[in-house]
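Read through the structure below, which is laid out as structure tokens, and then see the notes.
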Amino acid sequence: MVREIIKDQIFLAKKSVDATKEDAQLVRDLQDTLRAHLEECVGMAANMIGENKNIIVYVHNGFVFAMINPVIIDKQKPYETEEGCLSLDGVRPCTRYEEIEVEYIDRSWNQKRSKFSGFTAEIIQHEIDHLHGILI
Numbered sequence: 143m144v145r146e147i148i149k150d151q152i153f154l155a156k157k158s159v160d161a162t163k164e165d166a167q168l169v170r171d172l173q174d175t176l177r178a179h180l181e182e183c184v185g186m187a188a189n190m191i192g193e194n195k196n197i198i199v200y201v202h203n204g205f206v207f208a209m210i211n212p213v214i215i216d217k218q219k220p221y222e223t224e225e226g227c228l229s230l231d232g233v234r235p236c237t238r239y240e241e242i243e244v245e246y247i248d249r250s251w252n253q254k255r256s257k258f259s260g261f262t263a264e265i266i267q268h269e270i271d272h273l274h275g276i277l278i
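What the sequence shown shows, in this note's numbering, is residues 143 to 278, in sequence order.
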């Protein structure tokens with residue numbers, strides 16, 4: 143189900159809590175909402191649709207992937223960039239890392255550990271920041 147995008151910065155600044163298997167519908171809703179906004183958005187965190195759960199989704203090679211309870215365990219090669227956000231107006235400067243390694247649970251509830259680089263790494267970092275209440 144496509145959900146409304148939350149723009150309330152007070153709500154978005156709250157830290158999220160770990161998701162459980164009972165949040166499977168939320169994962170689907172988040173993926174559906176991202177698909178509905180693909181022209182203007184490449185990633186979303188659950189708090190962007192009103193749920194403070196540690197779930198993100200992102201686009202890679204035309205597919206929408208989900209990460210449940212993601213944690214960045216390594217990051218390399220910092221750089222400065224500017225990013226926009228569907229929940230915020232305009233673009234803002236931020237520091238990102240060219241290479242990251244993330245531990246997470248996939249949609250089938252399997253524990254994963256993967257490395258990402260480039261724009262995909264940037265998207266994932268932005269969305270994980272959302273989970274910690276960090277807005278660009």
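Positions of the beta carbon are idealized from the N, C-alpha and C atoms, including for glycine.
Keep in mind that this is a model prediction, so the values were computed, not measured.
Do residue j and residue i count as a contact pair if the criterion is CB distance below 9 Å?
{"i": "residue 157", "j": "residue 275", "result": "yes"}
{"i": "residue 176", "j": "residue 200", "result": "yes"}
{"i": "residue 148", "j": "residue 190", "result": "yes"}
{"i": "residue 273", "j": "residue 155", "result": "no"}
{"i": "residue 253", "j": "residue 245", "result": "yes"}
{"i": "residue 151", "j": "residue 230", "result": "yes"}
{"i": "residue 171", "j": "residue 144", "result": "yes"}
{"i": "residue 270", "j": "residue 213", "result": "yes"}
Assuming residue i is part of the beta strand (DSSP E), what are its boundary residues?
{"i": "residue 169", "result": "Element bounds for residue 169: not the beta strand (DSSP E) but the alpha helix (DSSP H), 166-178."}
{"i": "residue 202", "result": "197-202"}
{"i": "residue 210", "result": "205-227"}
{"i": "residue 185", "result": "185-187"}
Using a Cβ-Cβ cutoff of less than 8 Å, which residues in the same chain neighbour residue i once the five nearest sequence positions on both sides are dropped?
{"i": "residue 259", "result": "240, 241 and 242"}
{"i": "residue 251", "result": "163 and 210"}
{"i": "residue 206", "result": "173, 176, 177, 199 and 200"}
{"i": "residue 215", "result": "243, 244, 245 and 255"}
Determine the extent of the alpha helix (DSSP H) in which residue i is found, giving its start and end residues.
{"i": "residue 262", "result": "260-273"}
{"i": "residue 247", "result": "Counting along the chain, residue 247 falls outside any alpha helix (DSSP H), though it belongs to the beta strand (DSSP E) covering 230-247."}
{"i": "residue 278", "result": "Neither: residue 278 is in no alpha helix (DSSP H) and is coded neither H nor E."}
{"i": "residue 152", "result": "151-154"}
Excluding five sequence neighbours on each side, which residues of the same chain lie with their C-beta closer than 6 Å to the C-beta of residue i?
{"i": "residue 160", "result": "196 and 211"}
{"i": "residue 192", "result": "148"}
{"i": "residue 235", "result": "224"}
{"i": "residue 257", "result": "243"}
{"i": "residue 262", "result": "202"}
Sorted by chain position, which residues of the same chain lie with C-beta nearer than 7 Å to residue i's C-beta, five sequence neighbours on each side aside?
{"i": "residue 249", "result": "169 and 208"}
{"i": "residue 131", "result": "Since the displayed the chain opens at 143 and closes at 278, residue 131 lies outside it and no answer follows."}
{"i": "residue 219", "result": "239, 240 and 241"}
Inter-stretch contact at 8 Å, needing at least 3 Cβ pairs: the region 213-224 / the region 179-189: They do not touch, by the three-pair rule.
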